[in-house]
Amino acid sequence: MSITSVITKTLLLVAVGVPGSMELAGATDFEIHPGESLASAVQRLQPGDTLRIHQGAYIEQQQIRIRVKGTNRLRVTIKGIEGEPRPRIGRSPNTEASSTLIIDGASYLTIKGLEITSNGGDGIRLLNNPSFIWLEDLEIHEVDVGINFRSNMHHIRVTRNHIYQTGAMGGTGEGLYVGCNYADCAVSDSLIQGNWIHDTLQASQGDGIEVKRGSYSNVVRDNVIYNTKYPCILLYGTEGKGRNLVEGNAVWNCGEAGIQAAADAIIRNNIILSGPGIGFYSQEHQEVLPGNLEFVHNTVVGVSPCVKLAEWDKKLGLVFANNAIYCEGTPLKIIGRLQGVSLSGNIVYPLPAMMPVEGFSPGHAPLLDFVDVFDRNVYPAENSALIAAGDTLYVTELDFNGTLRSEVADVGAYAWTGMMNRGWKIGAGFKQSKPLPR
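Going by my numbering, the letters in the sequence shown line up with residues 58 to 495, in that order.
Here's what the structure looks like:
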């Protein structure tokens with residue numbers, strides 16, 4: 058391999074265990090240009106190195122397999138050149154279909170600023186227990202699965218990536234596939250935030266984000282997901298480990314369900330808009346029974362049914378509170394009873410004839426309770442039935458915009474702070490969210 062320029066060679070002093078003990082380590086910045094092999098370049102990376110990829114196409118015959126193990130002090134970075142168009146990374150159509158980037162047991166690695174396509178395989182596949190990986194600002198399209206987490210792993214950050222047109226060659230086509238079937242592996246302590254995922258309709262399945270059974274203590278936050286064949290967000294259960302958190306997401310035109318979850322999750326401050334599937338769907342899934350699940354301060358509008366709950370009767374740890382549920386057809390479909398479920402502060406339109414005695418109150422028509430429901434603006438109108446109508450016992454600290462609720466239980470995903478929604482306008486693109494700590 059020919060690397061056209063080595064920008065810098067920096068000697069770093071790094072502490073190694075005992076006070077006063079230091080280790081000398083090298084960190085190198087490399088650049089490569091089209092015509093050079095990215096697959097070969099990544100094999101040279103050492104802890105602390107940075108590989109900068111110039112604009113142009115890198116269509117590889119051999120697999121791009123990244124095994125480098127950085128450290129907390131000597132992180133490894135692979136990225137495009139600032140100020141240049143993204144370099145396009147792909148696999149030759151003359152080779153067997155395979156993932157374009159394979160992160161194989163790597164650690165403390167950042168990949169950012171690339172465009173990734175495929176020859177029918179996944180965009181990025183993580184294997185063999187990687188950890189402390191950060192995938193940021195990537196454009197991934199014309200692939201099977203966008204990013205495939207198919208191993209035990211922890212502390213993976215996937216932020217501000219644009220993933221679309223998945224399901225190449227009729228594959229399953231999830232935007233993000235997190236974990237393994239039947240808990241054969243687990244992804245934990247990871248962050249999936251601020252991604253823009255859409256158009257999985259050519260896939261055989263095509264979930265937006267699927268968090269598999271056994272994966273735990275993960276955060277799915279502030280993502281924009283639409284035009285999916287299967288649910289926009291799907292969760293199973295954590296096998297009794299830490300709950301997954303799903304908050305601040307905007308989803309619409311989702312196949313089967315906007316958000317589907319069986320157990321072990323906190324689902325709050327999400328907005329689910331019209332589409333062919335159910336808004337929020339909870340039932341037994343892959344032998345996981347409903348339980349230890351909270352659905353709080355969400356806004357569900359325009360799907361039918363808005364909410365379908367099955368097998369919730371006499372299960373432990375189920376909370377359904379402070380949600381805005383507006384569907385002209387069937388706002389609520391409950392299979393069985395809801396004995397033992399914490400139900401409180403929900404506003405429903407229209408209010409069905411057969412409802413639990415407590416926990417649900419009628420709303421006005423959507424045109425009266427929201428600013429502009431036809432323009433996806435489901436912020437409460439001035440005299441909305443949602444304002445201060447919830448249960449303060451279940452009020453969340455922040456709302457969909459990242460605004461402090463100040464213990465006021467405005468129903469749904471938004472806190473009402475005046476006549477105008479000062480947050481991000483829902484639509485195609487990345488969500489603009491406040492960088493508040495959560």
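From the three backbone atoms N, C-alpha and C, an ideal C-beta is built for every residue, glycine too.
Backbone CA spacing between residue i and residue j [nearest angstrom]
{"i": "Val308", "j": "Val398", "result": "26 Å"}
{"i": "Leu302", "j": "Ile324", "result": "6 Å"}
{"i": "Gln317", "j": "Arg394", "result": "19 Å"}
{"i": "Tyr383", "j": "Ile329", "result": "10 Å"}
{"i": "Glu199", "j": "Val360", "result": "29 Å"}
{"i": "Asp321", "j": "Arg270", "result": "10 Å"}
{"i": "Asn238", "j": "Asn310", "result": "26 Å"}
{"i": "Leu131", "j": "Arg462", "result": "40 Å"}
{"i": "Arg143", "j": "His111", "result": "8 Å"}
{"i": "Val204", "j": "Glu415", "result": "Residue 204 is actually Ile in this sequence, not Val. C-alpha separation (whole angstroms): 43 Å."}
{"i": "Leu350", "j": "Ala319", "result": "8 Å"}
{"i": "Leu373", "j": "Gly348", "result": "5 Å"}
{"i": "Ser188", "j": "Leu166", "result": "8 Å"}
{"i": "Trp481", "j": "Glu231", "result": "26 Å"}
{"i": "Gly227", "j": "Thr257", "result": "11 Å"}
{"i": "Leu233", "j": "Ile213", "result": "12 Å"}
{"i": "Leu424", "j": "Asn326", "result": "21 Å"}
{"i": "Ala84", "j": "Arg109", "result": "13 Å"}
{"i": "Asp279", "j": "Ile254", "result": "11 Å"}
{"i": "Asp201", "j": "Leu158", "result": "13 Å"}
{"i": "Glu454", "j": "Glu172", "result": "37 Å"}
{"i": "Ala438", "j": "Leu292", "result": "32 Å"}
{"i": "Glu193", "j": "Ala422", "result": "41 Å"}
{"i": "Val428", "j": "Gln119", "result": "54 Å"}
{"i": "Gln103", "j": "Val125", "result": "6 Å"}
{"i": "Gln396", "j": "Gly263", "result": "35 Å"}
{"i": "Gly386", "j": "Ala96", "result": "54 Å"}
{"i": "Asn434", "j": "Gly447", "result": "20 Å"}
{"i": "Ser452", "j": "Lys488", "result": "Checking the sequence shown, residue 452 turns out to be Val, not Ser. For Val452 and Lys488, the distance between alpha carbons rounds to 23 Å."}
{"i": "Glu464", "j": "Asn458", "result": "16 Å"}
{"i": "Arg145", "j": "Lys136", "result": "11 Å"}
{"i": "Phe154", "j": "Gly312", "result": "The identity of residue 154 in the sequence shown is Ala, whereas the question assumes Phe. Each residue's Cα considered, the two are about 27 Å apart."}
{"i": "Gln250", "j": "Pro91", "result": "31 Å"}
{"i": "Val215", "j": "Trp191", "result": "6 Å"}
{"i": "Lys169", "j": "Glu141", "result": "13 Å"}
Heavy atom of the ligand GDP within 6 Å of residue i beta-carbon
{"i": "Val244", "result": "Ligands in the displayed structure: none, and consequently the ligand GDP is not present."}
Buried versus exposed call for residue i [16 or more other C-beta atoms within 10 Å across all chains shown]
{"i": "Ser59", "result": "Because Ser59 sits at a pLDDT of 48, beneath the cut-off of 50, its placement in the model cannot be relied upon, and the point is left open."}
{"i": "Arg101", "result": "exposed"}
{"i": "Glu392", "result": "As written in the sequence, residue 392 is Ile, which differs from the Glu given in the question. Burial call: exposed."}
{"i": "Asn218", "result": "buried"}
{"i": "Asp241", "result": "exposed"}
{"i": "Ser401", "result": "buried"}
{"i": "Gly332", "result": "buried"}
{"i": "Met411", "result": "exposed"}
{"i": "Lys371", "result": "exposed"}
{"i": "Ala314", "result": "buried"}
{"i": "Pro288", "result": "buried"}
{"i": "Glu117", "result": "buried"}
{"i": "Phe337", "result": "buried"}
{"i": "Ala163", "result": "buried"}
{"i": "Pro419", "result": "exposed"}
{"i": "Ala260", "result": "buried"}
{"i": "Asn209", "result": "buried"}
{"i": "Glu498", "result": "Nothing about residue 498 can be read from this structure; the chain reaches only from 58 to 495."}
{"i": "Pro388", "result": "buried"}
Span of the beta strand (DSSP E), counted from its first residue to its last, around residue i
{"i": "Leu291", "result": "290 to 292"}
{"i": "Pro437", "result": "434 to 437"}
{"i": "Thr356", "result": "356 to 358"}
{"i": "Ala378", "result": "375 to 378"}
{"i": "Thr285", "result": "281 to 285"}
{"i": "Lys390", "result": "389 to 392"}
{"i": "Tyr273", "result": "It is not in any beta strand (DSSP E) - Tyr273 carries neither H nor E in the DSSP assignment."}
{"i": "Ser399", "result": "399 to 401"}
{"i": "Trp309", "result": "307 to 311"}
{"i": "Val364", "result": "364 to 367"}
{"i": "Glu304", "result": "301 to 304"}
{"i": "Asp321", "result": "320 to 325"}
{"i": "Leu158", "result": "158 to 161"}
{"i": "Tyr451", "result": "No beta strand (DSSP E) holds Tyr451; DSSP gives it neither H nor E."}
{"i": "Arg479", "result": "Neither: Arg479 is in no beta strand (DSSP E) and is coded neither H nor E."}
{"i": "Arg462", "result": "Unbroken run through Arg462: none, as it is neither H nor E."}
{"i": "Ile497", "result": "Nothing about residue 497 can be reported from this structure: the residues present for the chain run from 58 to 495 only."}
Delimiting residues of the alpha helix (DSSP H) encompassing residue i
{"i": "Asp426", "result": "423 to 426"}
At least 3 beta-carbon pairs within less than 8 Å: the segment 428 to 447 vs the segment 468 to 477: yes
Whole runs of the beta strand (DSSP E) within the segment 193 to 263, excluding any shorter than 3 residues: 196 to 198, 204 to 206, 210 to 216, 219 to 221, 233 to 235, 248 to 250, 253 to 255
Contact between the segment 287 to 303 and the segment 470 to 489 (3+ Cβ pairs under 8 Å): no
Any beta strand (DSSP E) of 3 or more consecutive residues that is wholly inside the segment 99 to 148: 107 to 110, 114 to 117, 121 to 123, 133 to 137, 145 to 148
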